[in-house]
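Following: one structure in structure tokens, then a few remarks.
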Amino acid sequence: IYGGTGWASYAHNHIYAAGQFYFMSSDLADYVSNQLTSEDRLAMMHGRHTEDADMGTFIFSHPRPIKFMNLSSFRFWHHPKKSKTEFLAGWKSIGGLPGHGNLLPFWHLCPSWMSGKGI
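Residue 81 in this note's numbering is what sits at position 69 of the sequence shown, and the numbering runs on without skipping anything.
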């Protein structure tokens with residue numbers, strides 16, 4: 013099991029969980045950390061610092077099917093919180109969680125679809 017807020021990679025033709033929050037089952041963590049070699053991971057990387065996309069690539073390289081849990085519609089975290097001020101503001105509004113977003117937040121990938129004109 014692998015999940016988080018769904019995002020997509022054109023470079024590797026798959027969806028992945030955005031870096032703000034994602035999780036994976038212990039068998040997938042074992043696969044990525046112990047069964048893939050550092051050479052395997054290096055060959056699969058996007059070539060730029062995109063840890064979340066790289067992790068999705070590693071996970072979806074598993075030979076068995078992956079169950080992806082899209083948490084886009086039920087967000088129980090605040091993001092981003094890069095400074096103490098942002099963190100404290102988020103903490104004060106913690107009662108506003110969970111946040112509800114779009115089930116398929118892929119508007120950035122297909123603006124034609126979102127315009128109502130289809131693809």
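For each residue, glycine too, the CB sits at the ideal point set by N, CA and C.
Here Gly59 is exposed. Its C-beta has fewer than 16 other C-beta atoms within 10 Å. Rounded to the nearest whole angstrom, the CA to CA distance from Arg76 to Thr69 is 14 Å. In the assembly as shown, Leu40 is a buried residue. Its beta-carbon has 16 or more other beta-carbons within 10 Å. Per the coordinates, the alpha-carbon of Ala30 lies some 9 Å from the alpha-carbon of Glu63. In this structure, Ser37 lies near Ile13, with their beta-carbon atoms less than 8 Å apart. For His74, the CB contacts under 8 Å within the same chain, skipping 5 residues up- and downstream, are Leu40 and Tyr43 in chain order. Contact annotation, Leu100 with Thr17: C-beta distance approximately 23 Å; criterion of less than 8 Å not satisfied. The alpha helix (DSSP H) runs lying completely inside the stretch 30 to 96 and spanning 4 residues or more are 38 to 42, 50 to 56 and 63 to 72, given in chain order.
With respect to the C-alpha of Phe33, the residue from Ser95, Thr97, Asp52 and Met67 having the closest C-alpha is Met67. Boundaries of the beta strand (DSSP E) harbouring Ser21: Tyr14 to Ser21, taken from the DSSP string.
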